[in-house]
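Notes follow the structure.
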Amino acid sequence: MTATQVQRWGASLADQRGWTELRATGLVALIDQLNRDSFHAQLTLQQRLDRLVTGLGTDLFAAVGSRSSKRSMAVLAAFALYGVRASEWLDEDPARVVEELHQRQRRERTARSGRRTRSDQRRTDRDWRERDPRMDALSVLGLDASATQDVIKQAFRQLVKQHHPDVGGSAESFRRVNDAYQLLMS
């Protein structure tokens, strides 16, 4: 991955309908939100991508460099959303990438406007049970705690065939299945 490639992707995104509605600050918030929503919430985007494919996050952030333009933030947001498949989406369907980023920003703004006040978000107001990420991941794959590695792999392969964006599935459901599998296999 090179700086030229990132610039080309950014220029391609900027040419799409809906680009002007995207906000750089909203893209940064979206990247943070997608990271928090992943099964590896404690990792940065760079660390998460490096976990999926060795060096992917490092190469991407080196190619983006220290400049934080709206275009570079959109490319990073695409990788936060699509993971290892982002380069394919950026090359093949940048209009869809812009539309999905715009929808996510709109959804985030709507969710933020309906949130409770800070004083209303005390720990005692939250669900008393701490969620187990492994059990959540097993649930995404439709499995229970007794699932073996082979059963996990089999369930993953079956769900990928159903949810992969190339066969009509949504990128979000595919990401959830992939994140669940990555967590369970790490």
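Note that our numbering has the sequence shown beginning at 1415, numbered continuously upward.
Here a beta-carbon is modelled for each residue, glycine too, at the ideal position from N, C-alpha and C.
Every value quoted in this text rests on a predicted model; they were computed, and no experiment measured them.
- Residue range 1459-1466 is occupied by the alpha helix (DSSP H) that includes D1464.
- Around the beta carbon of D1593, a 10 Å sphere encloses 16 or more other beta carbons of the protein chains shown; the residue is thus reported as buried.
- Excluding five sequence positions before and after D1464, the CB atoms of its chain that fall closer than 7 Å to its own CB belong to L1470, G1471, T1472, given in chain order.
- Look at A1559 here: in three-state DSSP terms it is coil, with no helix or strand label.
- Pairing V1442 with M1487 gives a Cβ-Cβ distance under 8 Å.
- Beta-carbon to beta-carbon, V1565 and H1577 are separated by about 18 Å, too far to satisfy the 8 Å threshold.
- Taking C-alpha positions only, R1462 is separated from G1583 by approximately 23 Å.
- V1511 places its beta carbon less than 8 Å from that of A1492.
- By the 16-neighbour rule on beta-carbons within 10 angstroms, Q1517 is exposed.
- Annotation: L1490 to I1445 spans about 7 Å, alpha carbon to alpha carbon.
- Runs of the alpha helix (DSSP H) lying entirely within the segment 1415-1496, each at least 4 residues long, are 1417-1428, 1438-1451, 1459-1466, 1470-1478, 1484-1496 in chain order.
- The residue from F1588, T1434, V1467, L1597 with its alpha-carbon nearest to that of A1509 is T1434.
- Rounded to whole angstroms, D1429 and M1599 show a C-alpha spacing of 39 Å.
- DSSP, read as helix, strand or coil, puts D1550 in helix.
- Under the DSSP assignment, R1589 falls in the alpha helix (DSSP H) whose first and last residues are 1585-1599.
- Considering only Q1596, F1588, L1597, the residue with the shortest C-alpha distance to R1499 is F1588.
- Contact between Y1595 and L1557 does not hold, since their C-beta atoms are separated by about 11 Å, which reaches or exceeds 8 Å.
- A straight line joining the alpha-carbon of E1502 with that of Y1496 spans about 9 Å.
- Each of A1559, P1547, S1426, E1586 was checked against the Cα of D1505, and the nearest Cα belongs to S1426.
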